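J.: Okay, handing you the structure first.
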Amino acid sequence: MAIEKTYNMIKPDGVKNGHIGEIITRIERVGLTIERMELAMVTPEEAQANYAEHEGKPFYDGLISYITSGPVVKMVVSGENAVATMRKLMGATNCAEAAPGTIRGDFGLTVDENVIHGSDSVESAEREIGVFFGA
Ligand code: IDP
Ligand code: MG
């Protein structure tokens, strides 16, 4: 048993395009638990903290302005292998390469607007939950 917590976020395009309900349904259907959830704007400080590993990359400035461009849905999701299970539900980073049946494969078209964020490890999840929900 590996009960984990992960940080997920429906990004501005997912909210704007009306996919909150369908995404939440997929998370619940697989058996994971939504422990916390909030509709909010991402502040520039939160965006920089969340994406520090990408600072200096060509897409960094666009990524920060996109993630702060409209409301997101912030979530703490928990359950068996929650980190890997959410990454599986999300699909590949680039929606154009994400398999049909995944959230990114079904609700997005590009890499720069890719519908949902999910932590890539238990350590990242702890850090990101702290950034977005406080310690
Ligand atoms: P992930 O979200 O699947 O973990 P990362 O490589 O951690 O993917 O990238 C973080 C975010 O940065 C992506 O979700 C996407 O929004 C954005 N991103 C990554 N690579 C590119 C790119 O090549 N062009 C534009 N945006 C990108
Ligand atoms: Mg990542």
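So the working numbering is basically just the index in the sequence shown, starting at one, shifted up by 31.
Note that beta-carbon positions come from the ideal geometry of N, C-alpha and C, so glycine has one too.
Computed from a predicted structure; not experimentally measured.
Taking DSSP's pairing of strands, which residues face Arg-67 in a bridge?
T.: BP columns for Arg-67 point to Val-107.
J.: Go through the stretch 74-162 residue by residue and report every complete run of the beta strand (DSSP E) that reaches 3 residues or more, in order.
T.: If we require 3 residues or more, the beta strand (DSSP E) runs fully inside the stretch 74-162 come out as 103-111 and 147-149.
J.: Measure the Cβ-Cβ separation of Cys-126 and Val-142 and say whether it is below 8 Å.
T.: Yes, these two residues count as a Cβ contact at 8 Å.
J.: Counting only the same chain and skipping the five closest in sequence on each side, list residues whose C-beta sits under 6 Å from that of Ala-80.
T.: Same-chain partners within the cutoff: Val-162.
J.: Would Ser-109 pass as a contact of Lys-36 if the rule is Cβ separation under 8 Å?
T.: Yes, these two residues count as a Cβ contact at 8 Å.
J.: Rounded to whole angstroms, how far is the Cβ of Leu-120 from the Cβ of Arg-57, which I believe are closer than 8 Å?
T.: With a Cβ gap of about 6 Å, Leu-120 and Arg-57 count as contacting.
J.: Assuming Lys-105 and Ala-71 make a contact with CB atoms under 8 Å, what is their CB distance in whole Å?
T.: Contact holds; Cβ gap of about 6 Å.
J.: Assuming Tyr-82 contacts Ala-156 (C-beta within less than 8 Å), just tell me the rounded distance between them.
T.: So it is not a contact: roughly 15 Å between Cβ atoms.
J.: Could you tell me whether the Cβ atoms of Ser-150 and Val-114 are closer together than 8 Å?
T.: A contact, by the Cβ cut-off of 8 Å.
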